[in-house]
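In what follows, a structure is listed as structure tokens, so that the remarks can point back to it.
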Amino acid sequence: MKKSTLFLYIDITLFFLLIFGFYITSLINSSFLVPIIIIPIVLLYSNKLSFIAMKLFSNINILIIIVFFLFSVAISTLIPILHQTFDFSYIKNFASQLTQFICIFSFICFILIHKKENISDYFEKILIYTFIIQSIIQIISFLFPQVANLIHYFYLDNDITNLYERSGKIRGLALASSTGWGLSVGYACTFLFFTKHYLINKKIKIPTLLMGLILFIGCFFSGRTAFLGILLSIIYYLLSEKSKKEKIKDILFILSFFITIILLFLIIVPLYNSQLINKLIGFAFEPLLNYFTSGKLETTSTNTLLSMWNRDISFQTYILGDGLFTDPYTGKYYMQTDVGYLRNLFYGGFFWIVTIIVYHITISGIFIRKKPKYQQNKLILFLLIFSFLIEFKAMSLGFNKYLFTILLTYSLSIIADNYTNRIN
3 MKKSTLFLYI DITLFFLLIF GFYITSLINS SFLVPIIIIP IVLLYSNKLS FIAMKLFSNI
63 NILIIIVFFL FSVAISTLIP ILHQTFDFSY IKNFASQLTQ FICIFSFICF ILIHKKENIS
123 DYFEKILIYT FIIQSIIQII SFLFPQVANL IHYFYLDNDI TNLYERSGKI RGLALASSTG
183 WGLSVGYACT FLFFTKHYLI NKKIKIPTLL MGLILFIGCF FSGRTAFLGI LLSIIYYLLS
243 EKSKKEKIKD ILFILSFFIT IILLFLIIVP LYNSQLINKL IGFAFEPLLN YFTSGKLETT
303 STNTLLSMWN RDISFQTYIL GDGLFTDPYT GKYYMQTDVG YLRNLFYGGF FWIVTIIVYH
363 ITISGIFIRK KPKYQQNKLI LFLLIFSFLI EFKAMSLGFN KYLFTILLTY SLSIIADNYT
423 NRIN
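Per our numbering, the very first residue in the sequence shown carries number 3; after that it's consecutive.
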């Protein structure tokens, strides 16, 4: 086995542990294992880690991210103090992000030990492979409940009940800490990366479409938010620099591939548990099925979400918020809403929303001083559009773990691209 291939396997494993952060003990998730695994490997293969870490950490772009992180932490701490609510529950997420930042930074430093160039392109591949592996795990767990039982050793009992059993054994199949909303956000982002790395930058072949198909199937087990990522990926591809002739050729090739897959699916389903498959399809395409049956493009979850927008908000709350993130009496979300924009508004008002938006954009890397490639900026722009859209549903901007991990790791990989020669 080539050394480069061995390190690719190691990097995929490390990032799998990093992004999915599945439960190990009450105090430790799999993300914590990343620096623990890296240290002995580095001791065996290289002594450059400390040198690389110091060079990378002193990079102005990373220092800017740290400054905005500390500024956001300071503001989020002052808000409940000034309101005299002393609700510091929001700050727990920043503590988690600090730990995640250390793990991500260690991961990028490790890559720089064995990879001398094109770090961001390499990370795109790692991200895609990681989610393909997760899709395969979910598919096998769905088809074989015995495997799902093994996966559930890494779940809390409440997660098994709330996700796996209540969803009719459709969700709760992934080896991850968040197998619903968070996982669907991860899949959506991965589809955008897949579009850039394989559909725009390379010639589309059958293996490419098979990879896309596996990712697509994985979306069924996470949540419908993943399909928003697919929709944005289509727009991203159509707006790419490929010629019209290439696009038409690619689209016809993709359509013929999926028509073949659908025909095979219609043949295979009757041979398997069609009731279970139909339940999966019904869950994923509930809005369309409801439209064809009742004429209304809706789901139970979207109706619930729309009702959460109906909240009375005073002018003072609009400007300064209420200083509450968690209801002090029930322990539930303050004002009983999942909507990200409203939760941030209730916490710190308009100015806090602006603060968290600036923080999120800073993490994305779109303003890295040494400009990344045009295609990278375009991808980041679509990731930001996606971020602002899903904030209408739940906390995402500067908050969602999958979004934070993907954006920050990609930003650091771009920084590593720009400074590879200096580091190595």
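Built from N, CA and C at the ideal position, the CB exists for glycine as well. From a predicted model like this one, the values you see are computed outputs, not experimental measurements.
Item, Value
"Just curious, the alpha helix (DSSP H) that residue 147 is in, first and last residue?", "147–153"
"Which runs of the alpha helix (DSSP H), 4 residues or longer, sit entirely within the stretch 346–395?", "376–392"
"If you draw a straight line from the alpha carbon of residue 356 to that of residue 380, how long is it in whole angstroms?", "22 Å"
"When you compare only the Cα positions, how much space is there between residue 81 and residue 72?", "14 Å"
"With a cut-off of 8 Å, do at least 3 Cβ pairs link the stretch 180–197 to the stretch 222–235?", "yes"
"Looking only at DSSP bridge pairs, what is residue 328 linked to?", "335"
"How big is the Cα-Cα spacing for residue 140 and residue 220?", "7 Å"
"If you reduce the DSSP assignment to three classes, tell me which class residue 63 lands in.", "helix"
"If we count Cβ pairs, one from each stretch, closer than 8 Å, do we get three or more for the stretch 235–246 versus the stretch 205–212?", "no"
"Can you confirm whether the stretch 313–328 touches the stretch 342–353 when touching is taken to mean that 3 or more C-beta pairs between the two stretches lie within less than 8 Å?", "yes"
"Between the C-alpha atoms of residue 425 and residue 192, what's the straight-line distance to the nearest angstrom?", "In this predicted model, residue 425 has a pLDDT of only 44, less than 50, meaning its place in the structure is not dependable enough to derive any value."
"From 174, 40, 366 and 233, pick the residue whose C-alpha is nearest to that of residue 115; which is it?", "40"
"Do residue 385 and residue 266 have their C-beta atoms closer together than 8 Å?", "no"
"Three Cβ pairs or more, each shorter than 8 Å: is that satisfied between the stretch 110–124 and the stretch 412–422?", "yes"
"Using the Cα positions of residue 423 and residue 118, report the straight-line distance between them to the nearest angstrom.", "Note that residue 423 scores 46 on pLDDT, short of 50, meaning its location in the model is unreliable; the coordinates nonetheless yield the value given after this. Their backbone Cα atoms lie some 8 Å apart in a straight line."
"Can you look up residue 2 in the DSSP assignment and give me helix, strand or coil?", "The requested residue 2 does not occur in the structure, where the chain is confined to residues 3 to 426."
"Report all residues from its chain with a CB closer than 8 Å to the CB of residue 203; omit the five preceding and five following residues, and keep chain order.", "377"
"Which residue or residues does DSSP assign as beta-bridge partners of residue 31?", "25"
"Closer than 8 Å, CB to CB, is residue 400 near chain B or not?", "Within the model displayed, chain B is absent; a lone protein chain is all it includes."
"What does the alpha-carbon distance come out to for the pair residue 77 and residue 206?", "47 Å"
"Beta-carbon within less than 6 Å of residue 128's beta-carbon, same chain only, minus the 5 sequence neighbours each way: which residues are those?", "13, 14 and 17"
"So residue 353 and residue 234 are in contact, right, with Cβ under 8 Å, and what is the actual spacing, rounded?", "Rounded, the Cβ-Cβ distance is 29 Å, inconsistent with contact."
"Considering residue 213, what are the terminal residues of the alpha helix (DSSP H) in which it resides?", "208–222"
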